[in-house]
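762 is the number that the working numbering gives the last residue of the sequence shown; the numbers go up by one with no jumps.
For reference, the structure discussed in these notes is given below.
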Amino acid sequence: MSESLKKFKKETQKGIIQWADAAKQSCEDLEPQDVSLDPLLLVIEWNEAALQRRGVVKANIINFIQTINGIQPYTYTDNVTNVATQSDSLFSIMDTRTSPKGQIAESTIAYLRRTYGPQPNASLGRCYQIRATKKDQFEIIEYCDVF
């Protein structure tokens, strides 16, 4: 596992690795000069206590994110039971005909910042954008002061 993933909870690390493995399989025909895999991953590490204190319903934020063209919730598949479970923390971002994935990520973060803006001592969580590389490394950007 990449050292850069140690900042995440174990369950989130597992999801990121599964996502990267799936991305690698779907991108095997990349040109040699292509370093990064598609798509991007938006990760939200939620602060459940702050959500409750501020009276924010996490499902409302998740539902909004899922309505954005180019974003899909990441789905975990349990290898033993073969049951698929939708993540409430991991969102896959792909290019659309009208917007590149990087712009979709930036616009989503900007909306969250405007809508749920940071408040002293009550951060709703942390937001990250992750790009996987062909060499099993992760480029991680943390967005500060999102909410």
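For glycine and all other residues, C-beta sits at the position ideal for the given N, C-alpha and C.
Where the beta strand (DSSP E) containing residue i begins and where it ends
i: residue 712; result: From DSSP, residue 712 is part of no beta strand (DSSP E); its letter is neither H nor E.
i: residue 656; result: 655-661
Residue i versus residue j - alpha carbon distance
i: residue 668; j: residue 737; result: 8 Å
i: residue 678; j: residue 700; result: 16 Å
i: residue 627; j: residue 689; result: 11 Å
i: residue 623; j: residue 702; result: 15 Å
i: residue 760; j: residue 742; result: 9 Å
i: residue 681; j: residue 708; result: 10 Å
i: residue 705; j: residue 633; result: 11 Å
i: residue 728; j: residue 621; result: 25 Å
i: residue 732; j: residue 660; result: 16 Å
i: residue 665; j: residue 757; result: 19 Å
i: residue 687; j: residue 735; result: 31 Å
i: residue 755; j: residue 713; result: 25 Å
i: residue 683; j: residue 723; result: 8 Å
i: residue 745; j: residue 716; result: 12 Å
i: residue 638; j: residue 751; result: 11 Å
i: residue 640; j: residue 663; result: 34 Å
i: residue 629; j: residue 740; result: 19 Å
i: residue 710; j: residue 762; result: 25 Å
Cβ neighbour criterion (16 or more within 10 Å) applied to residue i
i: residue 695; result: exposed
i: residue 674; result: exposed
i: residue 672; result: exposed
i: residue 658; result: buried
i: residue 635; result: buried
i: residue 725; result: exposed
Beta bridge counterpart(s) of residue i as assigned by DSSP
i: residue 742; result: 659 and 758
i: residue 691; result: 700
i: residue 705; result: 658
i: residue 686; result: 708
i: residue 753; result: 747
Boundaries of the alpha helix (DSSP H) in which residue i is found, first to last residue
i: residue 682; result: 673-682
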